[in-house]
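Number of protein chains: 2
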Amino acid sequence: MRIGDLSRRTGVSVASIKYYLREGLLPPGELTSPNQARYGEEHVRRLRLIRALVDVGGLSIAGTRDVLAAVDADDVALHHVLGATQKALLGTPVVADDDEAARAAKLLDDLVERRGWHVTETNPGRPAAIEILATSERLGTEVLTRLLDTYAEALEPLATAEVGAVVARGERSDVVESAVLGTVLGAGLFSALRTMAHESASSRLDAGPAAGPEEG
Amino acid sequence: MRIGDLSRRTGVSVASIKYYLREGLLPPGELTSPNQARYGEEHVRRLRLIRALVDVGGLSIAGTRDVLAAVDADDVALHHVLGATQKALLGTPVVADDDEAARAAKLLDDLVERRGWHVTETNPGRPAAIEILATSERLGTEVLTRLLDTYAEALEPLATAEVGAVVARGERSDVVESAVLGTVLGAGLFSALRTMAHESASSRLDAGPAAGPEEG
DNA sequence: ATGAGTGGAGAGTAGAACTATCCGTCCAGG
DNA sequence: CCTGGACGGATAGTTCTACTCTCCACTCAT
Chain A
1 MRIGDLSRRT GVSVASIKYY LREGLLPPGE LTSPNQARYG EEHVRRLRLI RALVDVGGLS
61 IAGTRDVLAA VDADDVALHH VLGATQKALL GTPVVADDDE AARAAKLLDD LVERRGWHVT
121 ETNPGRPAAI EILATSERLG TEVLTRLLDT YAEALEPLAT AEVGAVVARG ERSDVVESAV
181 LGTVLGAGLF SALRTMAHES ASSRLDAGPA AGPEEG
Chain B
1 MRIGDLSRRT GVSVASIKYY LREGLLPPGE LTSPNQARYG EEHVRRLRLI RALVDVGGLS
61 IAGTRDVLAA VDADDVALHH VLGATQKALL GTPVVADDDE AARAAKLLDD LVERRGWHVT
121 ETNPGRPAAI EILATSERLG TEVLTRLLDT YAEALEPLAT AEVGAVVARG ERSDVVESAV
181 LGTVLGAGLF SALRTMAHES ASSRLDAGPA AGPEEG
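Line order of the protein sequences matches chains A and B. Going by the numbering used here, the first residue of the first sequence is number 1, and it counts up by one from there. Going by the numbering used here, the first residue of the second sequence is number 1, and it counts up by one from there.
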């Protein structure tokens, strides 16, 4: 398969494919002569994976490269790949060094202990969660802190099911790839379903006292 | 309060504040003379809200403007504000017109019916969910479709709690503002906690048969 | 042999989110 | 009352990202 076929198979322009090659997202094809290369099914698959991460997950090209590098490095533990994915998904927020951040950190660590979660120091979710809780406090919204336990409760069966579904897959490369996909697509899907569930829940307590005029 | 004070109070540069004014994210201050304006606490609050939506939620400036316009329009129903928020968060994906999309749509509609959810045609979550499910199928990962019910089950108490927490707040403007904040910050917080729960869950079935060498 | 396609490299582009400069005005401190 | 730093408003410039275009020396199917 040559670059034109690859383009036709995936709907990605030749120019973009070349760009992904330059940026190291896509491994080079096998050279059959100094300026001819052949691509295979793994390139089709990788290209679709790239588009999924970029389009659905909203990852940057640089973030995608990092995630794919972790996917390809077969000496990296699964949860490190997930860490890289999460980092690309959510960024690495700088945790402010103020009262709100300190209180948020305590709130979170208490939760983790109360729930008996096993979370290491390097988990990228921790600073992200702390920053969000601190931001929420700075804005004077106590809503989030009240929901923390509800979130944790909802997450326990969910995370178990997700990890279980992914691990039940056989070869490491498959496991890692569906772990990344599951993280990114799962987050998007969950978020989309959340909107639907919100509408459903709010329609249930419809004509609420403070919801303003409802139309439609 | 003048623009310099506003800048100092919020940590946002004067130039950026002017930019937000130009872009219509921040209402103009009260003019005390043709070229002097005064700003109040509502500007501080609004500026912090903008930064939260942009930094934590990753909303674009244009998307933030749309959300804030919905927040300010007091004749708009709560779920419409949430719809605008979700649209800004997740984008408005174009649903492809192929087999996978059709199957995904059926899958989703079945779920909604099975669960007895009340979701209108215009809910932006629906096309987003369909596109993600279709993408997942195109990549040959059946993991997501198997998790659909788990997601829905986790979401029901969660969405009820979120909507309940937000609606219990009194004035409409407060309700709407915390609804937006809850949607955006809640999504981020949930996602961060999810990473932590994943690590915890995967460490529970540690040394799994296909997880590759674990270090650390 | 020939013309469409190719690999590789560099330059160019469009949009987003600021950032800098300018100008006339204002106003607080001396 | 004078004056220098801040201000409001407008326009232009910058930086970054994710492409997209253009070249050029090949190569390969027809």
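Just so you know, even glycine gets a beta-carbon here, dropped at the ideal spot from N, CA and C.
- The segment 177 to 189 of chain B makes contact with the segment 85 to 103 of chain B: 3 or more CB pairs, one atom from each, lie closer than 8 Å.
- In this structure, the straight-line span from the alpha carbon of Ala168/A to that of Glu121/B is close to 36 Å.
- Asp110/B is outside the set of residues whose beta carbon lies under 9 Å from a beta carbon in chain A.
- A direct Cα-Cα distance of roughly 24 Å separates Ser203/B from Glu142/B.
- Among the residues of the segment 184 to 198 of chain B, those with a Cβ less than 8 Å away from any Cβ of chain A are Leu185, Gly186, Ala187, Gly188, Leu189, Phe190, Ser191, Ala192, Leu193, Arg194, Thr195, Met196, Ala197 and His198, in the order of the chain.
- With contact defined as three or more Cβ pairs closer than 8 Å, the segment 22 to 37 of chain B and the segment 50 to 65 of chain B are in contact.
- The beta carbons of Leu147/A and Leu107/A sit about 12 Å from each other, so the pair does not count as a contact at 8 Å.
- When the alpha-carbon of Arg103/B is set against those of His79/B, His118/B, Glu156/B and Leu133/B, the nearest one is in Leu133/B.
- Taking 9 Å as the cut-off, the beta carbon of Gly57/B is found closer than this to the beta carbon of Gly188/B.
- Any Cβ of chain A closer than 9 Å to the Cβ of His43/B would place that residue at the interface, and such an atom is absent.
- The C-beta of Arg8/B comes no closer than 9 Å to any C-beta of chain A.
- Taking each of Asp97/B, Thr145/B and Tyr19/B in turn and checking the Cα distance to Asp110/B, the smallest one comes out for Thr145/B.
- Ala128/A and Ala96/A have their C-alpha atoms roughly 11 Å apart.
- Ala152/B belongs to the set of residues whose beta carbon lies under 9 Å from a beta carbon in chain A.
- Taken in chain order, the unbroken stretches of beta strand (DSSP E) that lie wholly in the segment 7 to 85 of chain A and span 3 residues or more are 30 to 33 and 36 to 38.
- Using beta-carbon distances, Val54/A does not count as an interface residue toward chain B, since no partner is under 9 Å.
- No beta strand (DSSP E) of 3 residues or more sits fully in the segment 103 to 178 of chain A.
- In its chain, beyond the 5 residues on either side, Arg38 have a beta carbon closer than 8 Å to the beta carbon of Thr32/A.
- In the structure shown, the three-state DSSP call for Ala201/A is helix.
- Ranking Asp75/A, Lys18/A and Val166/A by CA distance to the CA of Leu47/A puts Lys18/A first.
- For Val119/A, same chain residues with a beta-carbon under 8 Å away, outside a window of 5 residues either side, are Val112, Gly125 and Arg126 in chain order.
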